[in-house]
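Asks: Take a look at the following structure, please.
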Amino acid sequence: MSSTSTSITSPRRACVPHPTPDPSVFDLNDIQGDVFPSFPKKCEWFIFFDIQDPTAFKKALCDFIPKITTAARVMNNLKAVNLAQQSTTPAHEYHSQAPFHYGRKERKLVSMKQYQIALTKAGFDVLGVTGKLQDTDFDAGQLADAFNLGDRPGPGSTAAKFVPDWEPVWRENVLHGVILIA
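Each residue of the sequence shown is one higher than the one before, counting from 0 in numbering that gives the first Met the number 0.
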(Lines of atoms letter the chains of each structure in order from A and count residues from 1; the text may use other names and numbers.)
(Lines give C-alpha, C1' and ligand atoms only; values in the text may rest on other atoms or scores of the structure.)
Protein backbone atom coordinates (compact mmCIF):
# COMPACT_ATOMS: atom_id res chain seq x y z
CA MET A 1 0.00 0.00 0.00
CA SER A 2 1.47 3.36 -0.93
CA SER A 3 0.17 6.50 0.68
CA THR A 4 0.21 10.27 0.67
CA SER A 5 -0.51 12.19 3.86
CA THR A 6 -1.83 15.67 4.47
CA SER A 7 -2.85 17.51 7.62
CA ILE A 8 -5.24 20.37 8.28
CA THR A 9 -6.32 22.23 11.35
CA SER A 10 -10.04 22.29 11.98
CA PRO A 11 -11.59 25.41 13.53
CA ARG A 12 -15.05 23.91 13.96
CA ARG A 13 -16.40 22.93 17.32
CA ALA A 14 -18.13 19.66 17.97
CA CYS A 15 -21.73 19.73 19.16
CA VAL A 16 -22.76 18.07 22.37
CA PRO A 17 -25.03 15.14 21.51
CA HIS A 18 -28.55 14.70 22.81
CA PRO A 19 -28.22 12.85 26.12
CA THR A 20 -30.44 9.95 25.08
CA PRO A 21 -30.36 9.25 21.33
CA ASP A 22 -33.07 6.93 20.08
CA PRO A 23 -31.31 3.56 19.52
CA SER A 24 -34.23 2.32 17.43
CA VAL A 25 -33.36 4.84 14.70
CA PHE A 26 -29.83 3.54 14.05
CA ASP A 27 -27.07 1.59 15.74
CA LEU A 28 -24.40 4.03 16.91
CA ASN A 29 -21.87 1.19 17.03
CA ASP A 30 -22.35 0.62 13.28
CA ILE A 31 -21.62 4.19 12.11
CA GLN A 32 -18.18 5.75 11.77
CA GLY A 33 -17.99 8.68 14.15
CA ASP A 34 -16.94 11.43 11.73
CA VAL A 35 -20.00 10.64 9.61
CA PHE A 36 -22.22 11.18 12.65
CA PRO A 37 -22.07 13.03 15.00
CA SER A 38 -18.63 14.31 13.83
CA PHE A 39 -15.28 14.00 15.59
CA PRO A 40 -14.30 16.67 18.09
CA LYS A 41 -10.85 17.61 16.83
CA LYS A 42 -8.07 20.09 17.07
CA CYS A 43 -6.17 18.64 14.13
CA GLU A 44 -6.70 15.87 11.60
CA TRP A 45 -4.57 13.95 9.14
CA PHE A 46 -5.66 12.33 5.91
CA ILE A 47 -3.68 9.37 4.60
CA PHE A 48 -4.63 8.67 0.99
CA PHE A 49 -3.69 5.25 -0.28
CA ASP A 50 -3.81 2.80 -3.16
CA ILE A 51 -4.07 -0.93 -2.60
CA GLN A 52 -1.22 -2.87 -4.19
CA ASP A 53 -1.80 -6.24 -2.50
CA PRO A 54 -5.52 -6.90 -1.84
CA THR A 55 -4.86 -9.95 0.36
CA ALA A 56 -2.42 -8.06 2.61
CA PHE A 57 -4.78 -5.06 2.70
CA LYS A 58 -7.72 -7.22 3.82
CA LYS A 59 -5.59 -8.65 6.64
CA ALA A 60 -4.44 -5.17 7.67
CA LEU A 61 -8.04 -3.92 7.49
CA CYS A 62 -9.14 -6.66 9.91
CA ASP A 63 -6.47 -5.42 12.33
CA PHE A 64 -7.54 -1.78 11.80
CA ILE A 65 -11.31 -2.26 12.24
CA PRO A 66 -11.20 -2.29 16.08
CA LYS A 67 -9.51 1.15 15.98
CA ILE A 68 -12.30 2.75 13.92
CA THR A 69 -14.09 5.28 16.08
CA THR A 70 -17.81 4.56 16.17
CA ALA A 71 -20.54 7.14 16.63
CA ALA A 72 -21.17 5.67 20.10
CA ARG A 73 -17.56 6.35 21.08
CA VAL A 74 -17.70 9.87 19.64
CA MET A 75 -20.81 10.56 21.75
CA ASN A 76 -18.72 9.69 24.84
CA ASN A 77 -15.80 11.79 23.54
CA LEU A 78 -18.12 14.78 23.03
CA LYS A 79 -19.40 14.44 26.58
CA ALA A 80 -15.80 14.40 27.87
CA VAL A 81 -14.99 17.53 25.85
CA ASN A 82 -18.12 19.23 27.15
CA LEU A 83 -17.21 18.43 30.76
CA ALA A 84 -13.68 19.76 30.22
CA GLN A 85 -15.03 22.97 28.68
CA GLN A 86 -17.43 23.50 31.58
CA SER A 87 -14.51 23.45 34.01
CA THR A 88 -12.51 26.17 32.23
CA THR A 89 -11.07 29.17 34.01
CA PRO A 90 -11.00 32.69 32.58
CA ALA A 91 -7.79 33.09 30.61
CA HIS A 92 -6.77 36.39 32.24
CA GLU A 93 -6.25 34.52 35.50
CA TYR A 94 -3.60 32.43 33.73
CA HIS A 95 -2.24 34.94 31.24
CA SER A 96 -2.21 38.34 32.89
CA GLN A 97 0.69 39.31 30.59
CA ALA A 98 -1.15 38.27 27.41
CA PRO A 99 -3.94 40.79 26.78
CA PHE A 100 -5.00 39.06 23.56
CA HIS A 101 -6.34 36.23 25.72
CA TYR A 102 -8.37 38.53 27.94
CA GLY A 103 -12.03 37.61 28.07
CA ARG A 104 -11.48 34.16 26.62
CA LYS A 105 -11.50 31.03 28.65
CA GLU A 106 -8.53 28.76 28.97
CA ARG A 107 -9.55 25.74 26.90
CA LYS A 108 -8.83 22.36 28.34
CA LEU A 109 -8.06 19.78 25.71
CA VAL A 110 -9.12 16.18 26.08
CA SER A 111 -6.52 13.82 24.68
CA MET A 112 -8.00 11.28 22.27
CA LYS A 113 -7.29 9.53 18.98
CA GLN A 114 -10.08 8.90 16.51
CA TYR A 115 -9.94 6.93 13.25
CA GLN A 116 -12.08 6.53 10.17
CA ILE A 117 -11.55 4.81 6.81
CA ALA A 118 -13.28 5.27 3.47
CA LEU A 119 -12.87 3.43 0.19
CA THR A 120 -13.51 4.63 -3.33
CA LYS A 121 -15.30 2.57 -5.97
CA ALA A 122 -11.87 1.72 -7.40
CA GLY A 123 -10.82 0.54 -3.92
CA PHE A 124 -13.86 -1.71 -3.66
CA ASP A 125 -13.16 -3.08 -7.15
CA VAL A 126 -9.54 -3.96 -6.24
CA LEU A 127 -10.82 -5.82 -3.18
CA GLY A 128 -13.28 -7.80 -5.31
CA VAL A 129 -16.39 -5.99 -4.08
CA THR A 130 -17.85 -5.33 -7.51
CA GLY A 131 -21.23 -4.28 -8.76
CA LYS A 132 -23.25 -1.14 -8.50
CA LEU A 133 -23.82 0.38 -5.08
CA GLN A 134 -27.01 2.17 -6.17
CA ASP A 135 -25.20 5.51 -6.01
CA THR A 136 -24.42 6.63 -9.56
CA ASP A 137 -22.07 9.42 -8.45
CA PHE A 138 -20.05 7.05 -6.26
CA ASP A 139 -20.00 4.38 -8.98
CA ALA A 140 -18.69 6.92 -11.54
CA GLY A 141 -15.88 8.12 -9.24
CA GLN A 142 -14.87 11.51 -7.86
CA LEU A 143 -13.17 12.67 -11.06
CA ALA A 144 -16.40 12.22 -13.04
CA ASP A 145 -18.34 14.26 -10.46
CA ALA A 146 -15.78 17.04 -9.94
CA PHE A 147 -17.82 19.63 -11.86
CA ASN A 148 -20.98 18.92 -9.85
CA LEU A 149 -18.99 19.19 -6.63
CA GLY A 150 -17.92 22.72 -7.58
CA ASP A 151 -14.25 22.06 -8.34
CA ARG A 152 -12.48 24.79 -10.29
CA PRO A 153 -11.76 24.14 -13.97
CA GLY A 154 -8.12 23.38 -14.66
CA PRO A 155 -5.82 23.68 -17.67
CA GLY A 156 -7.30 21.98 -20.73
CA SER A 157 -10.86 22.33 -19.47
CA THR A 158 -13.41 23.24 -22.16
CA ALA A 159 -17.17 23.59 -22.36
CA ALA A 160 -17.29 20.09 -23.85
CA LYS A 161 -14.89 18.46 -21.38
CA PHE A 162 -14.39 19.53 -17.78
CA VAL A 163 -10.91 18.97 -16.35
CA PRO A 164 -10.69 19.81 -12.64
CA ASP A 165 -7.89 21.95 -11.27
CA TRP A 166 -6.37 19.08 -9.33
CA GLU A 167 -2.72 18.45 -8.62
CA PRO A 168 -1.36 15.81 -11.02
CA VAL A 169 -0.93 13.22 -8.24
CA TRP A 170 -4.74 13.20 -7.78
CA ARG A 171 -5.73 13.64 -11.41
CA GLU A 172 -3.39 11.01 -12.87
CA ASN A 173 -3.55 8.26 -10.25
CA VAL A 174 -6.31 6.07 -8.94
CA LEU A 175 -7.13 6.67 -5.31
CA HIS A 176 -8.41 3.62 -3.44
CA GLY A 177 -9.16 5.15 -0.07
CA VAL A 178 -8.39 7.46 2.79
CA ILE A 179 -7.75 7.02 6.49
CA LEU A 180 -8.64 9.97 8.70
CA ILE A 181 -6.89 10.38 12.05
CA ALA A 182 -8.04 13.11 14.43
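Note that beta-carbon positions come from the ideal geometry of N, C-alpha and C, so glycine has one too. Source: prediction; values computed, not measured.
(1) Quick one: is residue 149 buried, meaning 16 or more other Cβ sit within 10 Å of its Cβ, or exposed?
(2) Pop quiz: residue 128 and residue 175 are said to be a contact at Cβ under 8 Å. What is the actual Cβ separation, rounded to whole angstroms?
(3) So, is residue 179 buried or exposed, given that buried needs 16 or more other C-beta atoms within 10 angstroms?
(4) Between which two residues does the beta strand (DSSP E) harbouring residue 177 extend?
(5) Measuring alpha carbon to alpha carbon, tell me which of 173, 123 and 116 ends up nearest residue 143.
(6) Does the segment 29-40 come into contact with the segment 65-73, if we say contact requires no fewer than three beta-carbon pairs (one atom in each stretch) closer than 8 Å?
(7) The beta strand (DSSP E) that contains residue 118, what's its start and end?
(8) Can you tell me whether DSSP reads residue 44 as helix, strand or coil?
(9) Taking the alpha-carbon positions, what's the residue 110 to residue 81 distance?
Replies: From the atom records:
(1) That one is exposed.
(2) Not really, about 12 Å apart at Cβ, beyond 8 Å.
(3) That one is buried.
(4) In the DSSP annotation of this structure, the continuous segment of the beta strand (DSSP E) that includes residue 177 starts and ends at 176-180.
(5) Measuring C-alpha to C-alpha distances from residue 143 to each of 173, 123 and 116 identifies 173 as the nearest.
(6) Judged by Cβ distances under 8 Å, the segment 29-40 makes contact with the segment 65-73, as three or more pairs qualify.
(7) Boundaries of the beta strand (DSSP E) around residue 118: 114-118.
(8) Strand, per DSSP.
(9) For residue 110 and residue 81, the distance between alpha carbons rounds to 13 Å.
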